[in-house]
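Only one structure is covered here, and it is reproduced in the block below.
In the UniProt record's numbering, the protein residues as written are 1 to 239.
Take a look at the structure:
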């Protein structure tokens, strides 16, 4: 009678747990990167520009020195050139604009092209004495996915960037109107709460002021009436 291996069961359970923990770590990493990009938007733009320029140089070296196929290196080069166009409106990335659509198309083409290249030249890793799977994953992470991930985490900056931060405004009037409405609503809410608080304070002061003014007017009226009565009797009050 055949019985399933307990070791295989442990391996499968451990493997799925590893994938779960890896997904959680990846999500936490993306969240932390998004927080950094929101806090240091100008620095993130400079870092992305430098990384794109480095990647352009990497593809040139892969073609000229490592003799990689020109077509695949050209696809990677053109992909990063399209990514560079997104920096003009960074961090305001508009999905309906031509640079964004072109970057998405080139990202897909770049992934398919390099997957096909490594599939057709699988034995090259043994010539370099490298393990194929980790090497392919490392290449994709650096040369294919790094820059798109940087733009992906910056999508959260669209709704959280502060005005007057020295960044380029979005070209779409709809976005500017929505941001203006948000700022006006925030200002209106702040003013409303401030006025409400001041009304409470002023209401207390007014009640106290009314009592004091009533008391003083009553006393002043009594004094004036007394003086007028004395004057009518002919008595000199100055003495």
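The C-beta atom is built at its ideal place from N, Cα and C for all residues, glycine as well.
Check	Outcome
Segments of 4+ residues assigned as alpha helix (DSSP H) that fall wholly inside the stretch 72 to 120	98 to 120
Three-way DSSP call (helix, strand, coil) for residue 36 in this model	helix
Cβ separation of residue 121 and residue 79, assumed to be a contact under 8 Å, to the nearest whole Å	Rounded, the Cβ-Cβ distance is 20 Å, inconsistent with contact.
Cα-Cα separation between residue 29 and residue 143, rounded to whole angstroms	19 Å
Of the listed residues 115, 128, 124 and 148, nearest to residue 137 (C-alpha basis)	115
Inter-residue Cα distance where the pair is residue 18 and residue 148	25 Å
Counted within 10 angstroms of its Cβ, other Cβ atoms place residue 25 as buried (16 or more) or exposed	exposed
Sufficient close CB pairs (3 or more, under 8 Å) joining the stretch 70 to 89 to the stretch 119 to 134	no
Assigned exposure category for residue 207 - 16 Cβ within 10 Å defines buried	Its pLDDT being 49, under 50, residue 207 is placed unreliably by the model, and the measurement read from it follows with that caveat. Exposed, by the Cβ-count rule.
Beta-carbon proximity check, residue 91 vs residue 154, cutoff 9 Å	yes
Endpoints, the alpha helix (DSSP H) within which residue 131 is located	Run containing residue 131: none; DSSP gives neither H nor E here.
Residue 128 versus 106, 33, 117 and 66, residue with shortest Cα-Cα distance	66
Per-residue DSSP class, three states only, for residue 5	coil
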